[in-house]
Amino acid sequence: MELLVVGSGAAYPNRPGTASSAYVVLHDGAAICLDIGQGAFAGLAGRLEPADLAGVVVSHLHPDHFVDLVALRHYLRFEFHPPRAVRVMAPSGLAQRLDGVTGEVDFAAGSLVIEDREVGTFQLGPFVIESVRVTHTDDSFATRVTLAAAPDAPALVYSGDCGRAADLAPLVRPGDMLLCEVAFGPGPVPVPDLHLDGAAVGRLAAEVGASQVLLTHLQLNRDPAATLAAVRAGYGGQVALVSDGDRVTIGGSPSLPADNCG
Ligand SMILES: [Zn+2]
Ligand SMILES: [Zn+2]
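Per my numbering, the sequence shown starts with residue 52, numbered consecutively.
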């Protein structure tokens, strides 16, 4: 499997060209997208065929994680005759949120096949998705992605937005790659139970035996170098802060983005 970072930004990035949360997992021509925040559609459509996605997996219903489903729906509906459709696994209530954003009843109908997401596992194409609840909104999930054909191979674990690192521990097996939000950077944590800081991520990664840590979702004005140092204070493995466009092989030897190993 390969990870393609389409959107590494937090809720309001200020680096031009940076999209909010969107991470594509690829394998043998199949792809799924984990979250699809603002600005992500262009990065997605510029790199692969969005209509061919085996699914979109939404971590929680904050707009920086789902709002470019609006663009995806328009694309599927207006660029294809007949329209195409993509499966979307999301916390309960997504369809109503999209109706509210757009002012259209049944906005997603026919283009986004929305299914409620719960704790447990489901399959999208060749990928097996395992979910646990995490502390953030009332209905937030972290995600483990592996291949149905290789269930024991190292997986990707994506934190989504997560206010307590301990919530992620049951999902991570030794050797997994951890793609983890570090919104509060080097800390301190200004609001409890909302996002993680570097110290919390470092402690978690060491405890669960992650093979490497990819940091993302860093909020505005949080220092990247100090954030990396905070993670490394607790974790001796490889750590990098990802950027839009990065591609990383999941499993096998460590393969962090060459330009930002920090
Ligand atoms: Zn977020
Ligand atoms: Zn959030």
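The beta carbon of each residue, even a glycine, is placed where N, CA and C say it ideally should be.
Query raised in the report: Is Tyr-286 helix, strand or coil by DSSP?
Result: coil
Query raised in the report: Say the cut is 7 Å; is the CB of Asp-167 nearer than that to a heavy atom of ligand 2?
Result: no
Report task. Report yes if the CB atom of Gly-249 is closer than 8 Å to the CB atom of Val-233, and no otherwise. Result -> yes
Query raised in the report: Secondary structure at Phe-178, three-state DSSP: helix, strand or coil?
Result: strand
**Report entry** Integer Cβ distance of Ser-162 from Val-170, believed to fall under 8 Å
**Finding:** That belief does not hold up - the Cβ atoms of Ser-162 and Val-170 are roughly 27 Å apart, past 8 Å.
Report task. Check whether the Cβ of Asp-212 lies closer than 7 Å to any heavy atom of ligand 2, and answer yes or no. Result -> yes
Requested in this report: List the DSSP bridge partners of Asp-297.
Outcome: DSSP output for Asp-297 lists no bridge partner at all.
Report task. Could you check how far apart the C-beta atoms of Leu-104 and Cys-84 are, in whole angstroms? I think they sit under 8 Å. Result -> 6 Å
Query raised in the report: Whole-angstrom Cβ separation of Ser-262 and Pro-205, contact assumed at under 8 Å?
Result: 6 Å
Query raised in the report: Can you tell me the Cα-Cα spacing of Leu-175 and Ile-301, whole angstroms?
Result: 18 Å
Query - Entirely enclosed beta strand (DSSP E) segments - the region 221-279, minimum 3 residues - result: 228-232, 263-267
Requested in this report: Express the C-alpha separation of Gly-287 and Val-108 in angstroms, rounding to a whole number.
Outcome: 31 Å
Requested in this report: Would you mind working out which of Met-52, Asp-167, Ala-193, Val-137 sits nearest Ser-110, comparing C-alpha positions?
Outcome: Ala-193
Query raised in the report: Is Val-152 helix, strand or coil by DSSP?
Result: helix
Requested in this report: Would you please state the rounded distance, in angstroms, between the beta carbons of Ala-34 and Gly-236? I believe it to be under 8 Å.
Outcome: Outside the displayed span of the chain (52 to 313) sits residue 34, for which this structure offers no information.
Query raised in the report: Based on the DSSP secondary-structure assignment, which residues constitute the bridge partners of Met-140?
Result: Val-108, Glu-166
Report task. Would you identify the three-state DSSP class for Val-75, choosing helix, strand or coil? Result -> strand
Query raised in the report: Taking Cβ to Cβ, would you say Ala-73 is nearer than 8 Å to Ile-87?
Result: yes
Requested in this report: Could you tell me whether any non-hydrogen atom of ligand 1 is closer than 7 Å to the CB of Asp-115?
Outcome: yes
Report task. Give a single yes or no on whether His-132 has its beta carbon closer than 7 Å to a heavy atom of ligand 2. Result -> no
Query raised in the report: For the 8 Å Cβ check, are there 3 or more pairs between the region 118-136 and the region 213-229?
Result: no
**Report entry** Distance, Pro-241 Cα to Leu-271 Cα
**Finding:** 14 Å
Query raised in the report: So does His-78 have its beta carbon nearer than 7 Å to some heavy atom of ligand 2?
Result: no
Query raised in the report: Which word fits Ser-71, buried or exposed, when buried means at least 16 other C-beta atoms lie within 10 angstroms of its C-beta?
Result: buried
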